[in-house]
Amino acid sequence: AALTVRGSASFGTGAFGVHHTDPASGGLTLHSGADLPSLPLQLTSTPGTPASASVLASDPALAALAPQGLFASLFRMDKASWRAQPMVHELDCSNACDTTLAEATTRHQLVWLRGGLRLDTPVNLGTPQWPVLLVVDGPVALQAGVVIHGLIYGTHTSWLDTAGASIRGAVVLEDTLQASGGTQIHHHLDVLQALHQHTGSYARVSGSWRDF
Numbered sequence: 004a005a006l007t008v009r010g011s012a013s014f015g016t017g018a019f020g021v022h023h024t025d026p027a028s029g030g031l032t033l034h035s036g037a038d039l040p041s042l043p044l045q046l047t048s049t050p051g052t053p054a055s056a057s058v059l060a061s062d063p064a065l066a067a068l069a070p071q072g073l074f075a076s077l078f079r080m081d082k083a084s085w086r087a088q089p090m091v092h093e094l095d096c097s098n099a100c101d102t103t104l105a106e107a108t109t110r111h112q113l114v115w116l117r118g119g120l121r122l123d124t125p126v127n128l129g130t131p132q133w134p135v136l137l138v139v140d141g142p143v144a145l146q147a148g149v150v151i152h153g154l155i156y157g158t159h160t161s162w163l164d165t166a167g168a169s170i171r172g173a174v175v176l177e178d179t180l181q182a183s184g185g186t187q188i189h190h191h192l193d194v195l196q197a198l199h200q201h202t203g204s205y206a207r208v209s210g211s212w213r214d215f
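Structural data, given as structure tokens:
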């Protein structure tokens, strides 16, 4: 799925969008472990697929996972082990970390962000050929037209976007989601495959509940 949320999700009054238009990877836009009384304003799936049919809500298998279980199902190890990998770069982004993070992601594809993800300028993180994997341990606050190629794994409920950021890859959230703003999440299988090939930090498991 373009967006996976273990719990419930709300999207405010903004133009939050979730898009998955590739038939080869299923076209699932939004996957949730809870009921979804409201949906993003913009949902786009494969040609001919109604937007509502691209949503999988109230998935008992996803709901039954604890946060650590969700993380392990995705990365095949617990958080402490993943964080301790030599290839993982760690930095504090509880305050705006635009320059530091942009520079770090030119050298590191795996990044653990303490305190959340706050970006105040329109930076580009990762490329289709060099995608990044950001584990965001805190709230997300995007104050400019950020473009991220890769996977975001988030631990916190709050997602604030005042400028319409673009995520090209996928987003996985281990808690609930309270989103505000016009973030556009575009599922890109080639980006996720490149991330796996370059880093080996997560593996697609045939028949698992995930649809990457």
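Numbering (the numbering used here), first residue to last: 4 to 215. Glycine included, each C-beta is placed from N, C-alpha and C at the ideal position. Small disclaimer: the values here were computed from a predicted structure and weren't measured.
- Taking a contact to require three or more Cβ pairs closer than 8 Å, the segment 74-90 and the segment 105-115 qualify as touching.
- A residue is called buried once 16 or more other Cβ atoms fall within 10 Å of its Cβ, and residue 173 is buried on that count.
- In this chain, the alpha helix (DSSP H) harbouring residue 192 covers 192-202.
- The straight-line gap separating the alpha-carbon atoms of residue 102 and residue 136 is approximately 17 Å.
- For residue 133, the secondary structure class from DSSP, reduced to helix, strand or coil, is coil.
- Secondary structure note for residue 102: its alpha helix (DSSP H) is the uninterrupted segment 101-107.
- Comparing alpha-carbon positions, the option among 144, 5, 73 lying closest to residue 99 turns out to be 144.
- Leaving aside the five residues that flank residue 131 on each side, the residues in its chain whose CB is nearer than 6 Å to its CB run, in chain order, 152, 194.
- As a beta-bridge residue in DSSP terms, residue 121 pairs with 144.
- Per DSSP, the unbroken alpha helix (DSSP H) holding residue 71 starts and ends at 70-78.
- Rounded to whole angstroms, the separation of the alpha carbons of residue 141 and residue 165 is 18 Å.
- Note on geometry: alpha-carbon atoms of residue 95 and residue 138 lie some 12 Å from one another.
- Around the C-beta of residue 177, 16 or more other C-beta atoms lie within 10 Å, and the residue is accordingly described as buried.
- Classified as buried, residue 35 has 16 or more neighbouring CB atoms from the shown chains inside 10 Å of its CB.
- For the set 188, 199, 198, the Cα lying nearest the Cα of residue 5 is the one of 188.
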